[in-house]
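Participant: One structure, as structure tokens, below. Some questions next.
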Amino acid sequence: MIEIKNLSKSYVRPDGSSVSVLKDISLTVPDRSITAVVGPSGAGKSTLSKCISLLERPSEGSILVNGKDLSNLSGENLRKERRAIGTIFQSSALLHRKTAAQNIALPLEYLGVVKSDIDRRVKELLEAVSLSDRGNYYPSQLSGGQQQRVGIARALALHPQVLLSDEATSGLDPQSTQTILRLLRKLRDEFDLSIILITHEMDVVRNIADSIAAIRDGVIVEQGRVQDLVSNPNSQIGRQLISLKVADAFNNRHLVAELTYGDNVPSDWSQILSRQLNVNVHLLGANIEQIGEKSFYGRALVGFEFLDLNHVDILVISKALQLIGLHAEFKNDTDFNRRVAV
Ligand SMILES: Nc1ncnc2c1ncn2[C@@H]1O[C@H](COP(=O)(O)OP(=O)(O)OP(=O)(O)O)[C@@H](O)[C@H]1O
Ligand SMILES: [Mg+2]
Numbered sequence: 000m001i002e003i004k005n006l007s008k009s010y011v012r013p014d015g016s017s018v019s020v021l022k023d024i025s026l027t028v029p030d031r032s033i034t035a036v037v038g039p040s041g042a043g044k045s046t047l048s049k050c051i052s053l054l055e056r057p058s059e060g061s062i063l064v065n066g067k068d069l070s071n072l073s074g075e076n077l078r079k080e081r082r083a084i085g086t087i088f089q090s091s092a093l094l095h096r097k098t099a100a101q102n103i104a105l106p107l108e109y110l111g112v113v114k115s116d117i118d119r120r121v122k123e124l125l126e127a128v129s130l131s132d133r134g135n136y137y138p139s140q141l142s143g144g145q146q147q148r149v150g151i152a153r154a155l156a157l158h159p160q161v162l163l164s165d166e167a168t169s170g171l172d173p174q175s176t177q178t179i180l181r182l183l184r185k186l187r188d189e190f191d192l193s194i195i196l197i198t199h200e201m202d203v204v205r206n207i208a209d210s211i212a213a214i215r216d217g218v219i220v221e222q223g224r225v226q227d228l229v230s231n232p233n234s235q236i237g238r239q240l241i242s243l244k245v246a247d248a249f250n251n252r253h254l255v256a257e258l259t260y261g262d263n264v265p266s267d268w269s270q271i272l273s274r275q276l277n278v279n280v281h282l283l284g285a286n287i288e289q290i291g292e293k294s295f296y297g298r299a300l301v302g303f304e305f306l307d308l309n310h311v312d313i314l315v316i317s318k319a320l321q322l323i324g325l326h327a328e329f330k331n332d333t334d335f336n337r338r339v340a341v
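Position 285, counted from 1, in the sequence shown is what numbering that gives the first Met the number 0 calls 284; the numbers after and before it change by one each time, with no gaps.
Below is the structure:
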């Protein structure tokens with residue numbers, strides 16, 4: 000787990016005046032969890048990344064890894080404890096005269112680990128990033144996505160608890176980006192990692208982050224778990240996430256519906272629907288409101304994943320929804336809605 004507490008960072012300009020780039024940033028990333036830090040250019044994301052990896056010293060605040068404060072260490076102590084944080088740099092950070100395996104071995108060689116142990120660890124790491132057959136390739140012989148996987152393997156070499164990535168997928172095509180993100184999710188679970196993904200593109204991280212923090216002008220303007228953000232109608236990130244997810248659902252030919260329900264609806268309604276209709280039901284967004292002491296009503300935006308929307312029998316779906324007390328408003332295009340109305 001990593002805890003960033005009340006972190007501020009100011010730089011001194013050449014004329015002696017100081018400029019405050021980060022203001023009172025607090026962020027906790029538990030084990031086995033991915034937090035995305037998103038924000039526009041100049042927001043302070045890379046500065047935050049440098050402070051977290053202690054390449055820059057915070058002006059105020061602390062960085063705790065598993066309860067241990069790294070922000071006031073220096074010298075040998077800092078070098079030692081900093082190993083708990085692995086950093087993925089942009090792909091260009093690989094040494095081009097060394098092979099993939101030699102690049103991954105670098106942090107181990109630097110520590111003076113014996114050759115046979117290095118070889119064993121490098122083999123493990125190549126396996127972890129699915130590049131066992133590419134160890135002897137030079138960076139120029141690897142695709143951008145493969146180079147980035149080598150970078151990830153190198154970041155993992157010293158068994159870090161935290162993995163930090165600043166725009167690690169920028170410059171990659173959408174497919175390689177998705178491969179990298181899926182890999183990070185796998186590594187999160189395999190090694191119980193706390194992962195911090197820094198990016199200016201929300202749509203890059205929406206499917207992989209457990210939590211999101213939005214930063215603007217050096218301040219966190221919103222943060223929370225993805226599931227809480229999408230169910231909070233006042234959350235700007237939540238609304239952005241929902242519209243991205245809905246766009247995805249339309250692209251993948253899902254039937255999208257807004258469902259309204261009261262407290263007589265079974266709590267496992269989505270599983271019931273999925274079973275009855277034999278489809279996957281994806282929750283895109285939800286909002287539950289309490290009325291009085293006990294009763295509540297909820298609204299949920301869902302996507303029904305059908306193989307072929309043209310053969311969907313809307314009456315069957317409406318009936319199934321009605322039977323468990325759900326009212327639906329379908330959101331697909333007018334063509335589809337016309338069929339629905341028939
Ligand atoms: N060493 C420095 N001295 C003075 N100001 C700096 C320094 N490093 C960064 N800044 C300023 O801090 C602000 C945030 O920069 P930073 O690189 O953290 O932004 P960013 O969110 O990573 O942007 P991008 O998305 O473009 O990478 C900028 O206004 C930048 O000019
Ligand atoms: Mg940056």
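No residue lacks a Cβ here, since even glycine has one placed at the ideal position from N, Cα and C. None of the values given here were measured: they were computed from a predicted structure.
Which runs of the beta strand (DSSP E) at least 3 residues long sit entirely within the region 214-266? Give them in chain order.
Facilitator: Whole beta strand (DSSP E) segments, 3+ residues: 218-224 and 253-261.
Participant: Just to confirm, are G15 and Q89 a CB contact at a threshold of 9 angstroms?
Facilitator: As a working mapping, residue 15 is identified with position 16 in the sequence shown. As a working mapping, residue 89 is identified with position 90 in the sequence shown. Result no, Cβ atoms of G15 and Q89 do not sit closer than 9 angstroms.
Participant: I need the straight-line Cα distance from A340 to A156, nearest angstrom please.
Facilitator: Position 341 of the sequence shown, counted from the first residue, corresponds to residue 340. Position 157 of the sequence shown, counted from the first residue, corresponds to residue 156. Model confidence at A340 stands at a pLDDT of 48, short of 50, so the residue's coordinates are unreliable; what they give is reported in the following sentence. Answer to the nearest angstrom: the Cα atoms are 59 angstroms apart.
Participant: Look at E328 and A256 and say whether their C-beta atoms are less than 9 angstroms apart.
Facilitator: Start at 1 with the first residue of the sequence shown, and residue 328 comes out as number 329. Start at 1 with the first residue of the sequence shown, and residue 256 comes out as number 257. Yes, the pair counts as a contact, with Cβ atoms nearer than the cut-off.
Participant: Listed by chain order, which residues have C-beta atoms less than 6 angstroms from any heavy atom of ligand 1?
Facilitator: Chain-ordered list of matching residues: Y10, V18, V20, G38, S40, G41, A42, G43, K44, S45, T46 and H199.
Participant: Between which two residues does the beta strand (DSSP E) carrying K342 extend?
Facilitator: In the structure displayed, the chain extends from 0 to 341; residue 342 sits before or after that span and is not available.
Participant: So the alpha helix (DSSP H) R148 belongs to, where does it begin and stop?
Facilitator: Translated into positions along the sequence shown, residue 148 becomes position 149. Looking at the DSSP string, the run of the alpha helix (DSSP H) that includes R148 is G143 to L155.
Participant: At which residue ranges does the region 52-116 contain complete beta strand (DSSP E) runs of 3 or more residues, listed in the order of the chain?
Facilitator: Listed in chain order, the complete beta strand (DSSP E) runs (minimum 3 residues) inside the region 52-116 are 59-64 and 84-87.
Participant: Comparing C-alpha positions only, which one of D30, S19, L21 and Y10 sits nearest to E2?
Facilitator: In the sequence shown, the residue the question calls residue 2 occupies position 3. With distances taken between Cα atoms, E2 lies closest to D30.
Participant: Looking at the structure shown, is I207 part of a helix, part of a strand, or coil, going by DSSP?
Facilitator: Taking the sequence shown and counting its residues from 1, one reaches residue 207 at position 208. Coil.
Participant: Is K330 buried or exposed, if buried means 16 or more other CB atoms sit within 10 Å of its CB?
Facilitator: Here residue 330 refers to the residue found at position 331 when the sequence shown is read from its first residue. Flag for K330 reads buried.
Participant: Among the candidates P173, S193 and A42, whose CA atom is the shortest distance from the CA of L163?
Facilitator: Within the sequence shown, residue 163 is the residue found at index 164, counting from 1. Nearest C-alpha to L163: S193.
Participant: At the level of alpha carbons, what is the spacing between P57 and S234?
Facilitator: As a working note, residue 57 is residue 58 in the sequence shown. As a working note, residue 234 is residue 235 in the sequence shown. Cα-Cα distance, rounded: 29 angstroms.
Participant: So is the beta-carbon of E55 under 8 angstroms away from any non-hydrogen atom of ligand 2?
Facilitator: Translated into the one-based positions of the sequence shown, residue 55 becomes position 56. Every heavy atom of ligand 2 is 8 angstroms or more from the Cβ of E55, so no.
Participant: Rounded to the nearest angstrom, what separates D68 and G302 at their Cα positions?
Facilitator: Working through the sequence shown from its first residue, we reach residue 68 at position 69. Working through the sequence shown from its first residue, we reach residue 302 at position 303. When rounded, the distance between both Cα atoms is 44 angstroms.
Participant: Quick one: give me the first and last residue of the alpha helix (DSSP H) that A344 is part of.
Facilitator: Here the chain has residues from 0 to 341 only, and residue 344 is not among them.
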